[in-house]
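Visitor:
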Amino acid sequence: KAGVTQTPRYLIKTRGQQVTLSCSPISGHRSVSWYQQTPGQGLQFLFEYFSETQRNKGNFPGRFSGRQFSNSRSEMNVSTLELGDSALYLCASSLYIPSTDTQYFGPGTRLTVL
Amino acid sequence: ILNVEQSPQSLHVQEGDSTNFTCSFPSSNFYALHWYRWETAKSPEALFVMTLNGDEKKKGRISATLNTKEGYSYLYIKGSQPEDSATYLCAFNPRDSNYQLIWGAGTKLIIKP
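Protein chains in written order, with this note's numbering: chain A, 6 to 119; chain B, 1068 to 1180.
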């Protein structure tokens, strides 16, 4: 069974630009969560999608948005990039409920904002 | 604001020694606690999901205990090996969080050969 895949793996952007990251979950998994990880910080929850609906959202500004498609693939978008958005962005898929089901993480997308 | 604390932040252990570290979380409104291992250049990998007070889980040389009344979980590694070098993350799920996990910053474990 293929694992969670994320594209691209690395990205360099400049301030003010926008970026779209993609996540393909494990086949059969319907929940996809997105996290931001910066040095010294724990994983910061961005949002979680289930069956094309955003079920939960973390405390991030509206510049961060996402969506999920009917095949459970998910994208997240960051508009008007700021230097502080430089981070590792991880997505994780689970069967139904990330609070009790095991989450399987992708390799992450490393975003650098110059 | 709910907080999950992990201690120590980092740990150097001699190969063959046993070690343990702590995850502290709010004791009220508990629903579940997760442990993950994150090796450098890899993705975080699930170790345990714990839901009941007094739970003990074991996977090879790694085990975990849970005390929901006092709000802590211990992760134990017996006879540390170089491949145990990783950052160990815990994540707390409050009952009313609508599936959102709150993550600790992790304990970085380095095994010295």
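Each residue gets a CB set at the ideal place from its N, CA and C atoms; glycine is no exception. Computed from a predicted model, the values in this text were never measured in an experiment.
Assign Glu80 of chain A to one of three DSSP states: helix, strand, or coil.
Guide: Glu80 of chain A: strand per DSSP, three-state reduction.
Visitor: How would you list, in chain order, the residues of chain B whose beta-carbon sits under 8 Å from the beta-carbon of Leu88 of chain A?
Guide: The contacting residues do not exist; Leu88 of chain A stays about 21 Å from chain B at best.
Visitor: By the three-class DSSP mapping on this structure, what secondary structure does Leu3 of chain A have?
Guide: The shown model of chain A, from 6 to 119, leaves out residue 3 of chain A, and the question about it has no answer.
Visitor: Among A:Glu57, A:Pro103, A:Phe52 and A:Tyr94, which one has its Cα closest to the Cα of Asn64 of chain A?
Guide: Nearest of A:Glu57, A:Pro103, A:Phe52 and A:Tyr94 to Asn64 of chain A, Cα basis: A:Phe52.
Visitor: If we define contact as Cβ-Cβ less than 8 Å, is Leu1168 of chain B a contact residue for chain A?
Guide: True, the Cβ-Cβ gap to chain A drops below 8 Å.
Visitor: Could you tell me if Asp90 of chain A is buried or exposed, where buried requires 16 or more neighbouring beta carbons within 10 angstroms of its beta carbon?
Guide: Its Cβ being crowded by 16 or more others within 10 Å, Asp90 of chain A is buried.
Visitor: Looking only at its chain, what residues have a beta carbon closer than 8 Å to the beta carbon of Glu1112 of chain B, apart from the 5 residues adjacent to it on each side?
Guide: Contacts found: Tyr1103, Arg1104, Trp1105 and Glu1106.
Visitor: For Gln23 of chain A and chain E, any beta-carbon pair shorter than 8 Å?
Guide: No chain E is part of this structure, whose protein chains are labelled A and B.
Visitor: Assuming contact is defined by CB atoms lying nearer than 8 Å, are Cys1157 of chain B and Val1080 of chain B in contact in what I supplied?
Guide: No, Cβ-Cβ distance for Cys1157 of chain B and Val1080 of chain B is not below 8 Å.
Visitor: Express the C-alpha separation of Thr25 of chain A and Ser84 of chain A in angstroms, rounding to a whole number.
Guide: Their backbone Cα atoms lie some 9 Å apart in a straight line.
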